[in-house]
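Before any comments, here is the structure.
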Amino acid sequence: MDTDQLSRRPETAPPAGSSSRTYLWGGIALVLVGAVLLSLSLASNTLATTTTTSVAYDGVDRVELDLAASGDVEIVGAAVDGVELERTVRSLLGGTRVSEDQQGTTLRLASDCRMQVISLGCSVTYRLTVPLDVALAGSASNGGIDVAAVAGTVDLSTSNGDITLAGGDQAVTLRTSNGRIDVRDTRSGHLELTSSNGDVWAEVVTAPDTLVARTSNGRIDVVLPDAGPYAVEANTSNGRTDVQVPTDPTASSVIEARTSNGSISVRPTR
3 MDTDQLSRRP
13 ETAPPAGSSS
23 RTYLWGGIAL
33 VLVGAVLLSL
43 SLASNTLATT
53 TTTSVAYDGV
63 DRVELDLAAS
73 GDVEIVGAAV
83 DGVELERTVR
93 SLLGGTRVSE
103 DQQGTTLRLA
113 SDCRMQVISL
123 GCSVTYRLTV
133 PLDVALAGSA
143 SNGGIDVAAV
153 AGTVDLSTSN
163 GDITLAGGDQ
173 AVTLRTSNGR
183 IDVRDTRSGH
193 LELTSSNGDV
203 WAEVVTAPDT
213 LVARTSNGRI
223 DVVLPDAGPY
233 AVEANTSNGR
243 TDVQVPTDPT
253 ASSVIEARTS
263 NGSISVRPTR
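Residues in the sequence shown are numbered from 3 upward in steps of one, following our numbering.
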């Protein structure tokens, strides 16, 4: 008899029912995690406090955002001399911090959550009425940004949320990691619109010098004035490309649209 066969020990089968016990304990763990999350959610709804505050700031021509707490931001331009700010803070056990700091003509808004483990009860929403020519810059962490009738430069981003812009005359830069970008009725000469996961819509009133629209996963729609021509570069890895405007690679108005997964449409105003 082969010595290898003699020395080889028979494999030991796992104890009966061990797989069932593994599944059982896994199921129990999932139930416990769900119960904890539900308890935190109920606690945030029951114990969280909500406070709305209105503040005014004079002599502001620039607003900067540094918003780590969840919450949407709405900014509207109007014929006003200063910034009228309304914020609604939702806080659980004092875990939400906010600050407004005016240095010269710049107003800086900040928010964060001290107790991230129960950040379900932490959010800050803002509504700002600002002078028409104010400049906007900065970022939000988890919320949408809505801007209307602001003629100054706009450079805004959010990690998770949609960004919308209506109107505007100066350079526009908008970025979101997860959300849609929607720009309409703008006269901006320079637009850079980037989403990692979401559609991009850009509708301009006058032919821009440059318009760049990019997304990794989503559709891109660009609507341009009937006048042309335009230098159009439209590329998609997975989708259809439809360019209906007159094109000329030497044109002074440059349109770049790129997506990895989605269709692209570049068409005139109808």
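Quick reminder that beta carbons are idealized off the backbone N, C-alpha and C, glycines included. All values reported here derive from a predicted model rather than from experimental measurement.
Straight-line measurement puts the Cα of ILE222 at about 17 Å from the Cα of ASP187.
Relative to ASN180, the option among ALA142, VAL206 and GLU205 whose CA is nearest is ALA142. The residue among ASP60, TYR128 and TYR59 with its C-alpha nearest the C-alpha of SER72 is TYR128. If you ignore the 5 residues before and after SER265, its C-beta comes within less than 8 Å of the C-beta of ARG221, ILE222, THR238, GLY241, ARG242, THR243 and ASP244, all in its own chain and listed in chain order. Under a 10 Å Cβ-count criterion, SER56 is classified as exposed, with fewer than 16 other Cβ atoms of the shown protein chains found around its own Cβ. About 5 Å separates the beta carbons of GLY154 and ASP135, which is inside the 8 Å limit, making them a contact pair. Between THR160 and ILE147, the gap from beta carbon to beta carbon is short of 7 Å. In the DSSP assignment, ASN162 is bridged to no other residue. Taking C-beta atoms as the reference points, GLU194 and VAL207 fail to come closer than 7 Å. DSSP, read as helix, strand or coil, puts LEU134 in coil. Put simply, of VAL225, PRO270, VAL126 and ASN144 the residue whose alpha carbon is nearest the alpha carbon of SER93 is VAL126. Cβ contact annotation for PRO231 (same chain, cutoff 7 Å, sequence separation greater than five): PRO248, THR249, ASP250 and ALA253, in chain order. When C-alpha distances from ALA209 are compared across SER198, SER197 and ARG189, the shortest belongs to ARG189. With a cutoff of 7 Å on beta-carbon distance, VAL256 and THR196 are scored as not near each other. Runs of the beta strand (DSSP E) lying entirely within the stretch 181-209 and spanning at least 3 residues, in chain order: 183-188, 192-197 and 202-206. As DSSP reads the structure, PRO270 sits in a beta bridge with LEU226.
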